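In this text, residue positions in the sequence shown follow the UniProt record's numbering: the first is 1, and each later residue adds one.
C-beta atoms are modelled at their ideal positions from N, C-alpha and C, and glycine is treated no differently.
In this text the structure is predicted, and so the values were computed from the model without any measurement.
A short write-up of the structure that comes next.
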Amino acid sequence: TAATQPSTNWHLSENAREHHTSKFSSEELIVRRGQAFTITFNGAERPEQNLIFIAETGPKPSKAAKTLATFDISSTVSKEGWSAVLQSTSSNSVSISISSPHNAVIGRYKLSVQSGSSSPASLGTFVLLFNPWSSGDDVFMPNKAECEEYVLEEFGIIFAGNKNHISSFGWNFGQFQRGILDICLSVMDRSLYYRQDPVTDVSHRHDPRYLGRVLSAMVNANDDQGVVLGNWSGKYEDGKNPSSWTGSGEILQSWKKSGFKPVKYGQCWVFAAVLTTVLRCLGIPTRTITNFSSAHDADGNLRVDEFYDAEGNHLERGADSVWNFHVWNESWFARNDLGPSYSGWQVLDATPQEQSGGIYQCGPASRYAIKEGEVDLDYDCPFVFAEVNADCMYWNYDSATGKKTLIFSKSTEIGDSISTKAVGRDDRVDVTNDYKYEEGSAKERDTFKKARKKLGLEDKFDPTAPTQEEIEQKPDISGKFKVAGSLEIGKDLNLFLVLENLQSDAKTVKVNMTAWSTVYTRRPVNEIWKDSISVTLAPKEEKQFPIKIKYPEYQQQLTTDKTIQVTALCHVKDGIQVLVQRNITLDNPAIDIQVHGEAKVNKEVVVEVAFTNPIDTEVKDCVLQVEGSDLLQGILELRIPPLKASEKSSTKFKLIPSEAGPKHLLVNFSCDKFADIKTFKMVNVIN
Numbered sequence: 001t002a003a004t005q006p007s008t009n010w011h012l013s014e015n016a017r018e019h020h021t022s023k024f025s026s027e028e029l030i031v032r033r034g035q036a037f038t039i040t041f042n043g044a045e046r047p048e049q050n051l052i053f054i055a056e057t058g059p060k061p062s063k064a065a066k067t068l069a070t071f072d073i074s075s076t077v078s079k080e081g082w083s084a085v086l087q088s089t090s091s092n093s094v095s096i097s098i099s100s101p102h103n104a105v106i107g108r109y110k111l112s113v114q115s116g117s118s119s120p121a122s123l124g125t126f127v128l129l130f131n132p133w134s135s136g137d138d139v140f141m142p143n144k145a146e147c148e149e150y151v152l153e154e155f156g157i158i159f160a161g162n163k164n165h166i167s168s169f170g171w172n173f174g175q176f177q178r179g180i181l182d183i184c185l186s187v188m189d190r191s192l193y194y195r196q197d198p199v200t201d202v203s204h205r206h207d208p209r210y211l212g213r214v215l216s217a218m219v220n221a222n223d224d225q226g227v228v229l230g231n232w233s234g235k236y237e238d239g240k241n242p243s244s245w246t247g248s249g250e251i252l253q254s255w256k257k258s259g260f261k262p263v264k265y266g267q268c269w270v271f272a273a274v275l276t277t278v279l280r281c282l283g284i285p286t287r288t289i290t291n292f293s294s295a296h297d298a299d300g301n302l303r304v305d306e307f308y309d310a311e312g313n314h315l316e317r318g319a320d321s322v323w324n325f326h327v328w329n330e331s332w333f334a335r336n337d338l339g340p341s342y343s344g345w346q347v348l349d350a351t352p353q354e355q356s357g358g359i360y361q362c363g364p365a366s367r368y369a370i371k372e373g374e375v376d377l378d379y380d381c382p383f384v385f386a387e388v389n390a391d392c393m394y395w396n397y398d399s400a401t402g403k404k405t406l407i408f409s410k411s412t413e414i415g416d417s418i419s420t421k422a423v424g425r426d427d428r429v430d431v432t433n434d435y436k437y438e439e440g441s442a443k444e445r446d447t448f449k450k451a452r453k454k455l456g457l458e459d460k461f462d463p464t465a466p467t468q469e470e471i472e473q474k475p476d477i478s479g480k481f482k483v484a485g486s487l488e489i490g491k492d493l494n495l496f497l498v499l500e501n502l503q504s505d506a507k508t509v510k511v512n513m514t515a516w517s518t519v520y521t522r523r524p525v526n527e528i529w530k531d532s533i534s535v536t537l538a539p540k541e542e543k544q545f546p547i548k549i550k551y552p553e554y555q556q557q558l559t560t561d562k563t564i565q566v567t568a569l570c571h572v573k574d575g576i577q578v579l580v581q582r583n584i585t586l587d588n589p590a591i592d593i594q595v596h597g598e599a600k601v602n603k604e605v606v607v608e609v610a611f612t613n614p615i616d617t618e619v620k621d622c623v624l625q626v627e628g629s630d631l632l633q634g635i636l637e638l639r640i641p642p643l644k645a646s647e648k649s650s651t652k653f654k655l656i657p658s659e660a661g662p663k664h665l666l667v668n669f670s671c672d673k674f675a676d677i678k679t680f681k682m683v684n685v686i687n
């Protein structure tokens with residue numbers, strides 16, 4: 001006899017509470033693996049007898065691939081596979097507690113029940129996620145406060161700027177927004193791995209190592225029509241400027257809405273933030289990490305080469321570069337392939353920089369392996385090791401002759417102030433010591449040598465490397481740029497070039513200076529200013545030369561990264577050249593958020609955003625963008641009338657918070673003269 005279609009009570013709120021999935025807004029059951037959940041259904045006669053359950057996922061479920069499980073009612077939870085334990089029965093319904101194994105494949109499952117000889121009847125579908133609260137899971141995180149932050153927190157802070165001047169902005173990860181979980185499941189199903197062999201791909205989805213790697217490839221558009229298309233040109237007219245996003249939800253929703261066409265445009269923090277959203281959504285503890293003075297070592301020699309012409313212009317030669325900052329991810333899971341000391345935080349990087357295994361993906365690289373110089377371990381350790389440890393070589397390049405001359409080399413430049421958001425607080429935590437031993441210490445140099453040796457760089461002759469003689473040459477003068485006054489957009493930029501004669505005889509120096517606007521990867525975009533001076537320095541003398549770059553001179557040239565690279569190439573008569581450079585990140589003017597009165601669940605609260613135009617010309621095309629999980633649905637966009645010089649605008653709008661607790665409101669203000677002024681405010685919502 002065909003079974004009648006049973007009706008199922010999934011006990012959504014009780015199961016969600018037990019499984020830390022209450023924040024998902026879904027009518028479908030969402031649970032975590034390795035933990036029991038309860039369902040009740042009717043339509044089974046004599047239920048305690050020979051009920052068989054079938055849980056299946058993926059396109060061709062099979063027991064061999066662990067994508068199909070059949071299990072009957074037992075008295076205890078199975079240590080190995082799936083199990084069902086009878087909770088209670090009544091005349092026409094039965095309550096069952098179902099448990100999945102700690103290493104179950106994650107994803108959407110179909111659950112059916114079969115009674116006696118009748119054909120299976122569908123009970124419906126549920127979604128199974130990783131379980132960092134469960135000690136048997138590869139992603140188990142013993143510290144509960146860390147689970148809250150790295151899986152359940154929807155607000156993040158991303159650090160940017162440069163090592164002399166660290167700035168930060170808020171981000172709405174939004175992993176529990178309606179529809180995001182389904183999009184994350186689609187991301188997995190659109191990867192190259194799935195397209196080539198769906199059955200094998202799904203069978204690997206029990207493994208956070210595998211999924212971390214696959215998703216690092218899928219978040220960038222290269223190779224696979226993934227989520228975000230990168231653009232570092234400084235020109236973004238046919239898409240959205242990477243610095244204009246304030247959260248991942250809008251990006252993931254746009255990707256889905258467009259029929260899965262890559263979203264334009266992203267840069268490193270956008271890739272890292274979207275990957276954080278996807279991994280937190282699936283239950284893998286994840287955070288964003290910012291590395292300042294980050295090396296992109298394209299040729300794998302643990303060295304980055306930068307080239308300058310005689311005028312002091314930074315040349316785009318060679319594939320190596322040093323970025324003011326770079327943002328990647330760390331995810332927390334066990335490395336059963338490497339051994340217990342390599343478990344814990346793993347580096348994943350979704351920014352498409354270099355191919356790995358033929359596609360743009362990076363990691364997981366064990367952070368412990370990076371610190372210890374174990375660059376021969378999976379995956380992509382040499383690239384990540386170079387990002388925080390590469391040596392820097394600065395060359396003068398003569399395009400007429402093709403000759404390059406080493407100006408100087410530095411081994412302590414790369415990998416500075418590695419930063420992440422604190423657990424449970426809106427503060428910066430420095431994790432540099434987790435990536436490397438102290439700069440300049442013997443242990444740090446030994447680790448660097450060990451890495452070079454493992455990569456076979458110690459023994460082979462490198463014709464592009466400088467000679468020992470070149471490395472050891474001593475300059476006659478030293479120089480630095482000092483900043484005087486504020487570094488604010490709308491104000492003139494005042495600097496001093498400080499030159500010091502290190503010798504006891506006078507020196508004549510010709511100094512060629514340039515200032516270029518750049519993107520944060522230090523890629524030059526527009527020339528702002530140049531000048532040259534000739535100076536004579538008396539023995540041991542120090543001199544200061546003032547430099548003023550007026551706001552109208554740089555305003556048109558600036559990129560939305562607000563970065564300027566100032567360079568002075570000093571040609572010392574009868575001596576070696578000296579390169580002085582500084583990367584400057586300008587600050588936007590401030591915006592202010594005020595919340596009027598108390599914020600209560602389901603009650604209107606008024607928020608006021610104020611901005612004062614700091615420059616002496618009118619600003620127009622003013623737009624305010626507001627978002628914040630549990631404070632408002634989607635993104636609120638408000639147009640603001642033009643502001644005259646020094647005029648203050650104040651904009652009021654209403655919110656209706658939907659959940660209690662500390663929530664974050666993110667605001668992004670743009671106009672024709674200032675792009676993407678961001679701020680955030682913590683709003684404590686009460687019941």
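Whole-angstrom distance between Q253 and I73, CA atom to CA atom: 41 Å
Straight-line gap, V580 to D297 (C-alpha atoms, nearest Å): 22 Å
Burial state of M218, where buried means 16 or more other Cβ atoms lie within 10 Å: buried
Residues bridged to M393 (per DSSP): D305, S409
Boundaries (first-last residue) of the alpha helix (DSSP H) holding W255: 248-257
Contact under 9 Å by Cβ, F408 with V572: no
Alpha carbon of L497 to alpha carbon of P546, nearest angstrom: 6 Å
Below-9 Å beta-carbon distance, N291 vs any chain B residue: No chain B appears in this structure, which consists of one protein chain only.
For K436 and L86, the rounded distance between their alpha carbons: 53 Å
Selection from E472, I157, T38, C671 that minimises the alpha carbon distance to residue 688: Because the chain in this structure spans residues 1 to 687, residue 688 falls outside the shown range and cannot be described.
Which residues DSSP lists as bridging S419, in chain order: T290, D430
Proximity of G300 and L455 at Cβ, strictly below 9 Å: yes
7 Å CB neighbourhood of V228 in its chain, flanking five on each side removed: V219, N220, A221, I251, P262, V263, G266, V270, F271, V274
DSSP state of E469 mapped onto helix, strand, coil: helix
C-beta atoms of K450 and G339 nearer than 9 Å: no
Backbone CA spacing between W82 and D380 [nearest angstrom]: 35 Å
Which residues DSSP lists as bridging A36, in chain order: S99
Neighbourhood of L632 by C-beta, 6 Å cutoff - its chain only, sequence neighbours within 5 removed: L655
Bridge-paired residues (DSSP) for I576: Per DSSP, none; premise fails for I576.
Separation of G174 from K550, as counted between CA atoms: 41 Å
R639, DSSP secondary structure in three states: strand
Option in E154, Y193, Q196 with minimal Cα separation from I180: E154
Same chain only: Cβ atoms within 8 Å of R178, ignoring 5 sequence neighbours per side: S25, S26
Beta-bridge pairing of E542 - partner residues as DSSP gives them: E500
Same chain, Cβ closer than 7 Å to P466, five either side skipped, listed in chain order: M393, L406, S409
Inside the segment 175-219 only - alpha helix (DSSP H) runs reaching at least 4 residues: 180-189, 192-196, 198-203, 208-218
Whole-angstrom distance between L282 and A422, CA atom to CA atom: 22 Å
DSSP three-state assignment for residue 689, whether helix, strand or coil: With the chain covering only 1 through 687, there is no way to say anything about residue 689.
Contact the segment 189-208 vs the segment 60-79: 3+ CB pairs below 8 Å: yes
Where T1 falls: helix, strand or coil (DSSP): Bear in mind that the predicted position of T1 carries a pLDDT of just 44, short of 50, making it unreliable; the figure below should be weighed with that in mind. If DSSP states are grouped into helix, strand and coil, T1 belongs with coil.
Beta-carbon proximity list for D238, same chain, < 8 Å, skipping 5 on both sides: K264
Test item: CB-CB of V535 and V509 under 9 Å: yes
Which of helix, strand or coil DSSP assigns to I370: helix
Spatial distance of A2 from S118 (CA atoms): Because A2 sits at a pLDDT of 47, beneath the cut-off of 50, its placement in the model cannot be relied upon, and the following sentence gives the value as read from the coordinates. C-alpha separation (whole angstroms): 5 Å.
Sheet register partners of F169 (DSSP bridge): I158
Nearest-angstrom Cα separation, counted from L624 out to A295: 35 Å
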